[in-house]
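As given, the protein sequences belong to chains A and P, one line each in that order. For the first sequence, the working numbering gives the first residue as 1, with consecutive numbering after it. For the second sequence, the working numbering gives the first residue as 1001, with consecutive numbering after it. To start, the structure itself, in structure tokens.
2 protein chains.
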Amino acid sequence: MKDLYVVIVGCGRLGSQLANALSRLGMGVVAIDSSDSAFSGLSRAYSGFRVEGDATEPAVLRAAKMDKADLVIATTRDDNVNLMVAQTARTLFSVPRVMARVFDPKRERMYRALGIEPVCPTVLAVEAFMNIIRNQEDKADAS
Amino acid sequence: MKDLYVVIVGCGRLGSQLANALSRLGMGVVAIDSSDSAFSGLSRAYSGFRVEGDATEPAVLRAAKMDKADLVIATTRDDNVNLMVAQTARTLFSVPRVMARVFDPKRERMYRALGIEPVCPTVLAVEAFMNIIRNQEDKADAS
Chain A
1 MKDLYVVIVG CGRLGSQLAN ALSRLGMGVV AIDSSDSAFS GLSRAYSGFR
51 VEGDATEPAV LRAAKMDKAD LVIATTRDDN VNLMVAQTAR TLFSVPRVMA
101 RVFDPKRERM YRALGIEPVC PTVLAVEAFM NIIRNQEDKA DAS
Chain P
1001 MKDLYVVIVG CGRLGSQLAN ALSRLGMGVV AIDSSDSAFS GLSRAYSGFR
1051 VEGDATEPAV LRAAKMDKAD LVIATTRDDN VNLMVAQTAR TLFSVPRVMA
1101 RVFDPKRERM YRALGIEPVC PTVLAVEAFM NIIRNQEDKA DAS
């Protein structure tokens, strides 16, 4: 993988794990969160930056050098914040690749139409539960 | 797959989608939620039962006939509620298979030790984001 400059918005469980994983791969990472305590999820090995502030304010995104970003990932717990951040990244900062966590599966299609790659944890969890049920049933049938 | 009798605790986005999917497969499903409005996520084709009540009260679980369940899935937004419901299902109602949504990835090992199959949406989302990033980089390298 190339060295990417990645801005991660929201440093909760999901954001901090992504920041840690991408930092481990040697990528340049900036994590933004409105709460300083959120950064406690970053590992000791995390070598990126922390920006404390409201990511719906363009000044905060500028401080995170979003204009230089190869990739922006919006991971807050609020679909509307994630959409706003992702659209700002696409339109105002011309970021080539933008991804977003989305809680409401009905939004996925709209996100794709806007050039935002959605990841829906609920859909992934439904699939995971259904796969476990199917696999256990297959085992029971085979025994 | 065999016909299972499944009790789903929590009828939010995840619970209602699971209820709809399992009902579609012809399984007997009961969905429990403390809020009547949560059941609006159930599809018209949903042929299972709805039980309104607090699933941390054994009387509510008894009303859902948890003692007859082949499978219990705890899907609320609260890890502690899910753990309590899952343990009650295992110990008080001797349910053979119990699964739970878990938000804190650090709990997964403990759940397995207790005979509860965990599904962690955060872990799944991290994997999904990392896979998208890797695949796009691979494509860029190949071109």
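Beta carbons are placed, not taken as given, at the ideal position from N, Cα and C, and that holds for glycine.
Note down, in chain order, every chain A residue with its Cβ under 8 Å from the Cβ of residue i.
i, result
"Arg1097/P", "Gln136"
"Ile1032/P", "Here the premise fails: no neighbours, minimum Cβ distance about 16 Å."
Determine the contact status of residue i and residue j, defining contact as a CB-CB distance below 9 Å.
i, j, result
"Phe1103/P", "Arg101/A", "no"
"Ala1074/P", "Ala1089/P", "yes"
"Asp1003/P", "Gly1028/P", "yes"
"Leu124/A", "Phe93/A", "no"
"Leu22/A", "Gly41/A", "no"
Identify the contact partners of residue i in chain P, using a Cβ-Cβ distance below 8 Å as the criterion.
i, result
"Glu108/A", "The contacting residues do not exist; Glu108/A stays about 12 Å from chain P at best."
Using alpha carbons as the reference points, say which of the options lies closest to residue i.
i, options, result
"Lys106/A", "Pro121/A, Ser94/A, Val95/A", "Pro121/A"
"Met19/A", "Ser43/A, Ser94/A, Val119/A", "Note that residue 19/A is Ala in the sequence shown, not Met. That would be Ser43/A, whose Cα lies nearest to the Cα of Ala19/A."
"Pro58/A", "Met130/A, Thr75/A, Val9/A", "Val9/A"
"Ser1035/P", "Ala1128/P, Gly1053/P, Gly1028/P, Asp1003/P", "Gly1053/P"
"Arg1097/P", "Ala1128/P, Glu1108/P, Leu1114/P", "Leu1114/P"
"Ser37/A", "Ser16/A, Leu92/A, Asn131/A, Gly48/A", "Ser16/A"
"Ile148/A", "Phe1049/P, Ile1133/P, Leu1071/P, Tyr1046/P", "Here chain A comprises residues numbered 1 to 143, so residue 148/A is not present and cannot be evaluated."
"Arg1050/P", "Val1030/P, Ser1040/P, Gly1041/P", "Val1030/P"
"Glu108/A", "Arg24/A, Asp79/A, Asp141/A, Gln136/A", "Asp79/A"
Which of the three DSSP states is assigned to residue i in this structure?
i, result
"Asp1070/P", "coil"
"Arg77/A", "coil"
"Gly1041/P", "helix"
"Tyr5/A", "strand"
"Gly15/A", "helix"
"Val30/A", "strand"
"Val126/A", "helix"
"Pro1121/P", "helix"
"Val1095/P", "coil"
"Gly1085/P", "The sequence as given places Val at residue 1085/P; Gly does not occur at that position. Helix, per DSSP."
"Glu1108/P", "helix"
"Ala64/A", "coil"
"Ala1055/P", "coil"
By Cβ distance, which residues of its chain are closer than 8 Å to residue i, with the 5 residues on each side in sequence left out?
i, result
"Tyr111/A", "Leu83, Ala86, Ala100, Val102, Glu117, Pro118"
"Asn135/A", "none"
Taking C-beta pairs closer than 7 Å, name the residues in chain P that residue i reaches, listed in chain order.
i, result
"Leu14/A", "Thr1122, Ala1125, Val1126"
"Val119/A", "Ala1125, Ala1128, Phe1129"
"Ala21/A", "Val1126, Met1130"
Which residues in the same chain have their Cβ closer than 6 Å to the Cβ of residue i, if we skip the five residues on either side of it in sequence?
i, result
"Ala1069/P", "Tyr1005, Val1007, Val1095"
"Ala55/A", "Val9, Ile32, Val85"
"Phe39/A", "Cys11, Arg50"
"Asn1131/P", "none"
"Leu25/A", "none"
Suppose the cutoff is 7 Å on Cβ atoms and the five residues either side in sequence are ignored; what does the same chain contact list for residue i look like?
i, result
"Thr76/A", "Val9, Gly10, Asn82"
Residues of chain A with CB under 7 Å from residue i, in chain order?
i, result
"Arg1101/P", "Ala125"
"Ile1073/P", "Phe129"
"Leu1018/P", "Val126, Phe129"
Can you find a C-beta in chain D that's less than 9 Å from the C-beta of residue i?
i, result
"Leu4/A", "Of the protein chains in this structure, namely A and P, none is chain D."
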